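Residue numbers (our numbering), protein chains in the order written: chain X, 2 to 227; chain P, 3 to 175.
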């Protein structure tokens with residue numbers, strides 16, 4: 002997801018929000034992540050986005066060192082809010098690597114000699130390779146919908162068939178049952194599992210109410226994160 | 003306190019915290035020898051103005067140490083918060099003795115600060131969280147938690163919201 006278009010106002014706004022409580026894009030020291038985003042931003046952000054401007058001016062001061070900063074430049078979309086888990090995972094990993102290796106190697110103010118630089122670079126590479134092998138967890142939710150008919154004579158089986166005919170990438174229909182609500186009217190209670198990024202409840206709502214001769218309304222009875 | 007005395011006190015403090023067998027300072031640099039042949043190369047004062055700024059912060063830090071009540075602590079945090087709005091480190095673009103000493107002095111203050119207050123003084127919190135992650139700098143002090151939550155901030159930029167609607171069924175006539 003990242004910041005979006007960093008040349009646009011919304012992208013810069015996202016960057017500003019992200020940097021409100023962070024000094025750097027990734028972790029606690031300047032890295033290639035900062036350089037990557039810096040190059041994508043291009044020009045100093047306006048003063049109305051103080052955190053982005055603060056970060057920009059700071060990274061600009063590293064211009065002469067930009068190739069020697071730690072890390073590996075990733076595609077720009079990997080940085081930012083959705084990449085936040087990567088940040089929190091990287092932060093414990095970095096101090097762990099520091100703790101694991103001898104104190105001798107790490108200078109307080111980062112002026113390494115050649116050997117330790119190579120060692121650090123290799124460690125970062127190994128970490129990135131390990132991270133890349135990990136499967137990505139897709140956010141899913143379990144939604145239970147209540148589909149209500151016009152009257153008690155409405156063909157509920159027909160309605161169920163029509164609802165189940167709605168297909169979308171990331172949508173999986175589950176169990177269903179007919180729940181009586183009084184006066185002989187039954188509502189269709191059907192559950193589905195959706196991938197949050199691909200299917201929205203608005204989409205489901207729209208699609209189901211398209212069958213207007215059968216469906217009076219649709220409600221979300223329950224919405225749970227899986 | 004005379005500037006030289008402040009500097010001496012600060013260097014003494016550094017020596018204490020970093021168990022330096024020998025701390026040497028020249029006109030431009032501070033070098034800490036942490037023993038076993040290890041030398042921590044110091045922070046370079048880039049310019050004369052930077053050096054003067056650092057020394058001002060060294061004095062300010064003694065003021066922080068002298069604070070007794072929560073009100074004055076708040077006032078200090080407020081001042082630091084506005085100062086750090088557009089800065090990543092206290093002086094210049096890299097870590098200096100000012101950051102180190104202020105970190106050590108403010109640790110006590112931050113330790114008993116609520117998450118709500120940490121959110122209020124977001125710039126100091128940001129600086130503190132950044133600086134404290136350097137293990138060597140932190141030495142024996144504890145790593146303090148900084149967590150953002152929509153409870154404390156106005157925006158929910160750091161969390162996703164899920165809405166559940168359950169309307170009452172209309173009774174049919």
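For glycine and all other residues, C-beta sits at the position ideal for the given N, C-alpha and C.
Because the structure is a prediction, the values reported are computed rather than measured.
Beta-carbon proximity check, residue i vs residue j, cutoff 9 Å
i             : j             : result
residue 45/X  : residue 61/X  : yes
residue 189/X : residue 179/X : yes
residue 69/P  : residue 128/P : no
residue 200/X : residue 149/X : no
residue 78/P  : residue 111/P : yes
residue 71/X  : residue 33/X  : yes
residue 90/P  : residue 55/X  : yes
residue 125/P : residue 84/P  : yes
residue 191/X : residue 221/X : no
residue 136/P : residue 80/X  : no
residue 185/X : residue 147/X : no
residue 22/X  : residue 148/P : yes
residue 17/X  : residue 82/X  : no
residue 143/P : residue 106/P : yes
residue 122/X : residue 74/X  : no
C-alpha distance - residue i paired with residue j, whole-angstrom precision
i             : j             : result
residue 59/P  : residue 104/P : 8 Å
residue 176/X : residue 139/X : 22 Å
residue 12/X  : residue 42/X  : 9 Å
residue 131/P : residue 146/P : 8 Å
residue 129/X : residue 226/X : 29 Å
residue 133/P : residue 223/X : 44 Å
residue 40/X  : residue 64/X  : 11 Å
residue 166/X : residue 160/X : 10 Å
residue 218/X : residue 31/X  : 54 Å
residue 212/X : residue 119/P : 53 Å
residue 3/X   : residue 25/X  : 15 Å
residue 170/X : residue 124/X : 38 Å
residue 156/X : residue 182/X : 15 Å
residue 214/X : residue 163/X : 11 Å
residue 16/P  : residue 150/P : 32 Å
residue 64/P  : residue 53/X  : 32 Å
residue 120/X : residue 72/P  : 46 Å
residue 10/X  : residue 80/P  : 29 Å
residue 113/P : residue 69/X  : 35 Å
residue 20/X  : residue 187/X : 52 Å
residue 14/X  : residue 51/X  : 10 Å
residue 75/P  : residue 58/X  : 30 Å
residue 117/P : residue 158/X : 54 Å
residue 168/X : residue 115/X : 57 Å
residue 78/X  : residue 66/P  : 42 Å
residue 43/P  : residue 117/X : With a pLDDT of 42 at residue 43/P, under the threshold of 50, the modelled position of this residue cannot be trusted; read the value that follows with caution. Computed Cα separation, rounded: 15 Å.
residue 121/P : residue 62/P  : 23 Å
residue 88/P  : residue 101/P : 15 Å
residue 133/X : residue 207/X : 38 Å
residue 98/P  : residue 126/X : 30 Å
residue 151/X : residue 136/X : 46 Å
residue 1/X   : residue 109/P : One cannot answer for residue 1/X here, as it falls past the ends of chain X, which runs 2 to 227.
residue 7/X   : residue 14/P  : 47 Å
Beta bridge counterpart(s) of residue i as assigned by DSSP
i             : result
residue 191/X : 146/X, 177/X
residue 226/X : 142/X
residue 186/X : 183/X
residue 196/X : 141/X
residue 216/X : 150/X
residue 2/P   : A query on residue 2/P cannot be resolved here, the shown segment of chain P reaching from 3 to 175 and no further.
residue 79/P  : Looking at the DSSP assignment, residue 79/P forms no beta bridge with any residue, so it has no partner.
residue 172/X : 195/X
residue 221/X : 146/X
Proximity test, residue i beta-carbon vs the ligand MN heavy atom, cut-off 8 Å
i             : result
residue 194/X : The ligand MN is absent from the structure shown, which contains no ligand whatsoever.
key: Members of the segment 139 to 152 of chain P that neighbour chain X once the beta carbon cut-off is set at 8 Å   = Contacts with chain X (Cβ-Cβ distance below 8 Å) from the segment 139 to 152 of chain P involve 139, 148, 150, listed in chain order.
ask   = What are the residues of the segment 2 to 23 of chain X that lie near chain P, defined by any Cβ-Cβ distance shorter than 9 Å?
value = Cβ contacts with chain P come from 15, 18, 19, 20, 21, 22, 23.
ask   = Are there three or more Cβ pairs, one per stretch, closer than 8 Å when the segment 132 to 148 of chain X is compared with the segment 193 to 211 of chain X?
value = Judged by Cβ distances under 8 Å, the segment 132 to 148 of chain X makes contact with the segment 193 to 211 of chain X, as three or more pairs qualify.
query = Which of the residues in the segment 41 to 69 of chain X, read from start to end, lie with their CB under 8 Å from any CB of chain P?
reply = Going along the segment 41 to 69 of chain X in chain order, one finds 51, 54, 55, 56, 58, 59, 62, 63 with a Cβ nearer than 8 Å to chain P.
inquiry  = Output needed in chain order: residues of the segment 27 to 41 of chain X with a Cβ under 7 Å from some Cβ in chain P.
reply    = When CB distances to chain P are screened at a threshold of 7 Å, the residues of the segment 27 to 41 of chain X falling below it are 29, in chain order.
query = Mind listing which residues of the segment 74 to 91 of chain P have their C-beta closer than 8 Å to chain X's C-betas, in chain order?
reply = Listed by position along the chain: 87, 88, 89, 90.
ask   = Going along the segment 121 to 132 of chain P in order, which residues come within less than 8 Å of chain X, judged by CB to CB distance?
value = Taking a C-beta cut-off of 8 Å against chain X, the contacting residues of the segment 121 to 132 of chain P are 124, 127, 128, 129, 131, 132, listed in chain order.
query = If you measure beta-carbon to beta-carbon, which residues of the segment 94 to 108 of chain P are closer than 7 Å to chain X?
reply = Within the segment 94 to 108 of chain P, the residues whose Cβ lies closer than 7 Å to some Cβ of chain X are 95, 97, listed in chain order.
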